[in-house]
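Here the protein sequences line up with chains Z and S, keeping their order.
Following the numbering used here, the residues of the first sequence are numbered contiguously, the last one being 258.
Following the numbering used here, the residues of the second sequence are numbered contiguously, the last one being 1327.
Reading through the structure tokens given below for one structure.
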Amino acid sequence: MRGFWPVYKRELFSMFVTPLAWIIIVVFLVIQGMHFSLLLGHFARQPEVVADHGPVQAFFGGTIFLYLPLLILCPGLTMRAFAEERRSGTIEALLTAPISTTGLVLAKWLAAVTTYVAMWAPTALYMAVIRKTGELDWNVVATGYLGILGVGCSYLALGVLMSAMTRSQLIALVLGMLVTVGLFVMGIGEMVLDDGWARDFCSYVSVWSQMDDFSKGIVDSRRLAFDLTMTTVPLFATVRVVDSWRWGLWNFSTSMRC
Amino acid sequence: MIEVSRLTKAYGAFYAVNDVSFQVGKGEVVGFLGPNGAGKSTTLRILAGFLGMTSGQVRIGGHDIVEASFEARQQLGYMPEAAPLYTEMRVREYLQFRAELKGVAGRDRRARVEQAMAEARVDDVAETLILNLSKGYRQRVGLADALVARPPILILDEPTAGLDPNQIREVRDLIKGLGERHTILLSTHILPEVEATCGRAVVIARGRIAGEGTLEELRSKRRSSRARLALRPARGEHEAVEALLRGVDGVKSCKGEAHEGLWRGEITWDKKVDDPELALEELVRRLVEQGHGVREATPSKASLDEVFAQLTTEPQREGEPAEGGAP
Ligand SMILES: Nc1ncnc2c1ncn2[C@@H]1O[C@H](COP(=O)(O)OP(=O)(O)O)[C@@H](O)[C@H]1O
Ligand SMILES: [Mg+2]
């Protein structure tokens, strides 16, 4: 894990000193602000709020406005992780320092997760607004944010992996979006498919039904296990990819000659 | 401190580095000299642990770079070609980051960074964004980075490339100073660089070692391919002298002219002559036996430039496996 701290700190520094993190956060907050005020307007017009179907539930995954920004902004947070280092050549100084690849990959990922958390933090204000006007189930708020964190961890891990596949941040962004959108579309299969293993599978990978559970205060360990898998597997793969640059294993024609 | 043995790096069927072996001893400053595309950067990148090798073995400070990559990298301050840096950072920030990354303890870090900045003479731009630095300064920030953890070994890839003459002189002086406390391997494609800073050179051309040794040794290797003579022919018979010279085994060509009873000229030895100096000795003996007076017989020294040109353009010697001849 050597090298984790300095890389983590530098990564955050670079994210916030170049305006990338700020742009993403502002875009996100504008969208979520509109999302929230739409929801408020909607529920204000409803005479009676049904239990389990209040503005908080709706906010945590009741509408597409939660997912669309995540599908695009998460790959945006990670697109630079490795692609930019390789484009500019700084990767050479980084990998020749006595640091561990695991530490390096974890640091880059966790810096993205930290920014992601910072991006969500202001939405706690919305909860405060709801609390002023009515009942607020803190349990639901907590599980809602837990679900959001789980989704973020996995999307960002996938994004870091995609960033290690190319030297271009733009391509990393597109690849990352393809993966997250792909997963999201697979999840929609739950709504269109007939009963059967395919539907079960789609339901399992569906971010939509994950957030549906969490926004009702339900913590399903299968959902957490899924997020954990979708986080650790891409991170592990990234470590392998980075090590393969160093040892040239990626170059099959040379490794076969040994 | 650096031991490279039979290092090979292949890109497909192309050998960027081919069976390269050399060593750098403790305290030495060695120039890794070769024309562009010779394989210098590839070799240094492998030594620094950035690139994998196809075959061979490398030890840095006694640590195998594959088996003990971590320890090997700890011995090393590496400056990549063109010194890529994080342009959004300030110089001091960057060096502090690098020091921490290389495991410099927190309480020493500040002092080490200040010292490295002073040594590399970038302390006057400590608070400048790297984005706004000139090429010369960036190069020296790269040098400060290599120094900051005080590694015993420095590997510098073309440390003066792209600098103006003043900057080149500064960086060379800097390297000379560093040579007193570090073992240094630096690559360059220009000869004066080696003359100015290095005690020894390893010459690489087309992925292969073309020559190795101190500058004097390199020079003397080619020193006697020619010899200068001034003779006083017996009985004034210039033709006899020239005929004799031409007849000697190993003399490829001979040209000269007579002037006031003296014959001055130059002979060129054939490639197959193993020791031209010995051959010259033998030649002088024969001239004297024939009654000719020998005023001067000097093995002429090739300039380093000539040596370099010869080493790097000479076709492969026979008996060596052809390029790309993999099993
Ligand atoms: N990734 C690569 N793929 C294929 N060939 C390469 C690669 N990197 C370098 N080369 C080739 O290897 C040779 C040596 O390159 P390099 O070590 O950079 O030379 P130098 O530093 O001596 O100028 C060059 O001919 C270059 O084109
Ligand atoms: Mg080079």
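In this text, a Cβ means the ideal position worked out from N, Cα and C, and glycines have one as well.
Since we're looking at a predicted model, the values are computed, not measured.
Using a Cβ-Cβ distance cut-off of 8 angstroms, determine whether residue i contacts chain S.
| i | result |
| --- | --- |
| Z/Ile31 | no |
| Z/Thr78 | no |
| Z/Thr62 | Note on residue identity: the sequence assigns Gly, not Thr, to residue 62 of chain Z. With 8 angstroms as the cut-off, Z/Gly62 does not count as an interface residue toward chain S. |
| Z/Ser154 | no |
| Z/Gly3 | yes |
| Z/Glu92 | yes |
| Z/Thr115 | no |
| Z/Ala97 | yes |
| Z/Thr238 | no |
| Z/Gly89 | yes |
| Z/Pro6 | yes |
| Z/Val105 | no |
| Z/Ser168 | no |
| Z/Val241 | no |
| Z/Thr102 | no |
| Z/Cys258 | Because Z/Cys258 carries a pLDDT of 25, less than 50, the predicted location of this residue cannot be relied on, and no value is offered for it. |
For residue i and residue j, I'd like the C-alpha separation in whole angstroms.
| i | j | result |
| --- | --- | --- |
| S/Asp1019 | S/Ala1048 | 18 angstroms |
| S/Ala1161 | S/Pro1276 | 38 angstroms |
| Z/Trp22 | S/Asp1157 | 37 angstroms |
| Z/Val205 | Z/Met162 | 19 angstroms |
| Z/Leu228 | S/Arg1200 | 56 angstroms |
| Z/Leu325 | Z/Phe214 | Residue coverage of chain Z in this structure runs from 1 to 258, which leaves residue 325 of chain Z outside it and unanswerable. |
| Z/Val207 | Z/Met119 | 19 angstroms |
| Z/Gly144 | S/Thr1087 | 39 angstroms |
| Z/Ala93 | S/Glu1180 | 24 angstroms |
| Z/Leu20 | Z/Ala112 | 11 angstroms |
| Z/Ala142 | Z/Leu38 | 22 angstroms |
| Z/Trp250 | Z/Val241 | Caution applies to Z/Trp250, whose pLDDT of 46 falls short of 50 and renders its modelled position unreliable; the value that the coordinates give is listed next. About 8 angstroms. |
| Z/Pro75 | S/Arg1006 | 44 angstroms |
| Z/Asp243 | S/Gly1250 | 56 angstroms |
| S/Leu1133 | S/Gln1057 | 38 angstroms |
| S/Val1104 | S/Ser1069 | 18 angstroms |
| S/Ala1230 | S/Ala1258 | 10 angstroms |
Could you pull the start and end residues of the alpha helix (DSSP H) that residue i belongs to?
| i | result |
| --- | --- |
| S/Lys1135 | Lys1135 to Leu1147 |
| Z/Asp137 | Looking at the DSSP string, Z/Asp137 is not in any alpha helix (DSSP H), and its letter there is neither H nor E. |
Just checking my contact of residue i with residue j at CB under 8 angstroms: how many whole Å lie between their CB atoms?
| i | j | result |
| --- | --- | --- |
| S/Leu1085 | S/Arg1138 | 6 angstroms |
| S/Ile1184 | S/Val1029 | 5 angstroms |
| Z/Phe184 | Z/Tyr67 | 6 angstroms |
| S/Val1141 | S/Tyr1094 | 7 angstroms |
| S/Ala1146 | S/Leu1154 | 6 angstroms |
| S/Glu1127 | S/Arg1090 | 6 angstroms |
Can you name the start and end residues of the beta strand (DSSP E) that residue i belongs to?
| i | result |
| --- | --- |
| S/Thr1008 | Ile1002 to Tyr1011 |
| S/Asp1157 | Ile1153 to Asp1157 |
| S/Leu1051 | No beta strand (DSSP E) contains S/Leu1051, which DSSP labels as neither H nor E. |
| S/Pro1328 | Nothing about residue 1328 of chain S can be read from this structure; chain S reaches only from 1001 to 1327. |
| Z/Leu183 | Here Z/Leu183 belongs to no beta strand (DSSP E); instead the alpha helix (DSSP H) covers Gln169 to Val192. |
How about residue i: is its C-beta nearer than 8 angstroms to some C-beta of chain Z?
| i | result |
| --- | --- |
| S/Asp1145 | yes |
| S/Gly1213 | no |
| S/Pro1084 | yes |
| S/Glu1320 | Per-residue confidence for S/Glu1320 stands at a pLDDT of 41, beneath the threshold of 50, marking its modelled position as unreliable; the derived number appears in the next sentence. No, because no Cβ of chain Z sits closer than 8 angstroms to the Cβ of S/Glu1320. |
| S/Pro1080 | yes |
| S/Leu1095 | no |
| S/Glu1050 | Reading the sequence as shown, one finds Phe at residue 1050 of chain S and not Glu. Judged by the 8 angstroms Cβ criterion, S/Phe1050 is in contact with chain Z. |
| S/Leu1101 | yes |
Strictly below 8 angstroms CB to CB, what residues from chain C border residue i?
| i | result |
| --- | --- |
| Z/Val205 | Note that chain C does not occur in the displayed structure, where the protein chains are Z and S. |
>> Suppose only complete runs of 3+ residues qualify. What are the beta strand (DSSP E) ranges in the stretch 1168-1248 of chain S, listed by chain order?
In response: Within the stretch 1168-1248 of chain S, the complete beta strand (DSSP E) runs of at least 3 residues are 1183-1188, 1200-1205, 1208-1214 and 1226-1232.
> Which runs of the alpha helix (DSSP H) fall wholly inside the stretch 141-166 of chain Z and span at least 4 residues, in chain order?
Replying inline: Listed in chain order, nothing qualifies, since the stretch 141-166 of chain Z has no complete alpha helix (DSSP H) run of 4 or more residues.
> For the stretch 1056-1144 of chain S, which segments carrying the beta strand (DSSP E) assignment without a break, of at least 3 residues, lie completely within its bounds, in sequence order?
Replying inline: Counting whole runs of 3 or more residues, the stretch 1056-1144 of chain S contains the beta strand (DSSP E) stretches 1076-1079.
>> Just to confirm the assignment: which complete beta strand (DSSP E) runs, minimum length 3, are found wholly within the stretch 39-81 of chain Z?
In response: Taking only runs of at least 3 residues, no beta strand (DSSP E) segment lies wholly in the stretch 39-81 of chain Z.
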